[in-house]
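Peer 1:
In full-length UniProt numbering, the protein residues as written are 1 to 122.
1. How should residue 110 be labelled, buried or exposed, when 16 other C-beta atoms within 10 angstroms of its C-beta is the threshold for buried?
2. Can at least three beta-carbon pairs, one atom from the segment 93-110 and one from the segment 62-69, be found at a separation below 8 Å?
3. If we call anything under 9 Å between Cβ atoms a contact, is residue 27 one with residue 80?
4. Are the CB atoms of residue 11 and residue 39 within a distance shorter than 9 Å?
5. Can you tell me where the alpha helix (DSSP H) with residue 57 in it begins and where it stops?
6. Residue 16 bridges to which residues according to DSSP?
7. For a test of the three-state rule: what should DSSP assign to residue 84, helix, strand or coil?
8. Which residues in the same chain as residue 115 place their Cβ atom closer than 7 Å to its Cβ, once the five residues preceding and following it in sequence are excluded?
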């Protein structure tokens with residue numbers, strides 16, 4: 001039985017490779033679960049860290065890796081976690097891969113941050 005008070009589909013359905021090589025299941029996760037290349041994507045997908053994260057989220061345990069969402073929800077702000085709920089997706093199949101190669105950008109979009117746009121740092 002899944003506990004929807006903590007459940008999120010992102011660890012099953014998404015893969016984020018950050019500009020510094022970190023691999024995460026979510027764009028707002030501040031930690032990498034300890035994975036950088038050359039360990040590789042397959043090792044990440046089979047890692048005990050990712051398996052434990054999935055187990056925690058299914059069983060009502062608020063993982064420290066997901067503190068951004070827990071904080072948003074506590075403040076009444078929409079979270080990335082809640083945006084996945086209600087979507088009937090097959091778990092254990094990556095549906096989205098997000099790859100950030102660099103933060104060099106000549107735009108300064110209001111929704112962006114320095115980590116993803118160098119124009120904010122100028």
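Quick reminder that beta carbons are idealized off the backbone N, C-alpha and C, glycines included.
Peer 2: With the structure as the only source:
1. Counting from one through the chain shown, the residue named residue 110 turns up at place 110. It counts as exposed.
2. no
3. In the chain shown, the residue the question calls residue 27 occupies position 27. In the chain shown, the residue the question calls residue 80 occupies position 80. Yes, these two residues count as a Cβ contact at 9 Å.
4. Against the chain shown, residue 39 aligns to sequence position 39. Against the chain shown, residue 11 aligns to sequence position 11. No; because the gap between Cβ atoms is not below 9 Å, this pair is not in contact.
5. Position 57 of the chain shown, counted from the start, is the residue given in the question as residue 57. Here the alpha helix (DSSP H) through residue 57 covers 48-58.
6. Counting from 1 along the chain shown, the entry for residue 16 is found at position 16. In the DSSP output, where bridge partners are listed per residue, residue 16 has 24 and 98.
7. In the chain shown, counting from the first residue as 1, residue 84 sits at position 84. Three-state DSSP puts residue 84 in a helix.
8. Within the chain shown, numbered from 1, the residue matching residue 115 stands at position 115. 103, listed in sequence order.
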